[in-house]
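This report refers to the structure that appears directly beneath it.
In my numbering, the protein residues as written are 1148 to 1315.
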């Protein structure tokens, strides 16, 4: 019981560190590039012109990733009234969720200490936190990779109820 309480306190401390690095000076520490312009122009086209889109160019990846991410972001653009700074809060919240799932994956892989160390390294990395302030089509990749690893570790442990989650 004491170990569980200590682990929860340490995990809460790690999440607080992640919140600090992802939201400190949030509006001042932003950067923009061509992907942000393409993202906003495409979603503006979807909302204002009411025109579906099937392929979105991505200048830095040199190929299109498909429109699903753009359709998922459309309601958030409407809620924030195209405020790009506040929209980036979504990416930072996804980073917080990734930190927690890294802890779960590390705990499933070995023990609580591995999960806590991995989550701490991810939460306290300035570069990771800085890049998670950006919303672009690959924002979900870290979270999906950690979820896939966590599900695979659960399936290896004969916990087959995680197979549908792996299908995401």
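Every residue, glycine too, gets a C-beta built ideally from N, C-alpha and C.
Any 3 or more C-beta pairs closer than 8 Å across the segment 1256-1271 and the segment 1159-1172: These segments touch.
Out of curiosity, what's the CA-to-CA distance linking residue 1252 and residue 1280? By 1-based counting over the chain shown, the position of residue 1252 is 105. By 1-based counting over the chain shown, the position of residue 1280 is 133. Computed Cα separation, rounded: 23 Å.
For residue 1262, which residues in the same chain have their Cβ closer than 6 Å to its Cβ, ignoring the five residues on either side in sequence? Position 115 of the chain shown, counted from the start, is the residue given in the question as residue 1262. The residues are 1250, 1253, 1254.
Quick one, which of 1307, 1169, 1282, 1256 has its alpha-carbon nearest residue 1230's? One-based indexing of the chain shown puts residue 1230 at position 83. Nearest C-alpha to residue 1230: 1282.
For residue 1182, count neighbouring C-beta atoms within 10 Å of its own C-beta (all shown protein chains included) and say buried if the count is 16 or more, exposed if not. In the chain shown, counting from the first residue as 1, residue 1182 sits at position 35. Counting every other CB atom within 10 Å of its CB across the protein chains shown gives residue 1182 a total of 16 or more, marking it as buried.
Could you spell out the range, first to last residue, of the alpha helix (DSSP H) harbouring residue 1306? Here residue 1306 refers to the residue found at position 159 of the chain shown. From DSSP, residue 1306 is part of no alpha helix (DSSP H); its letter is neither H nor E.
Extract the residue ranges of the beta strand (DSSP E) inside the segment 1172-1197, only unbroken runs of 3 or more that lie entirely within it. DSSP runs (the beta strand (DSSP E)) wholly in the segment 1172-1197: none.
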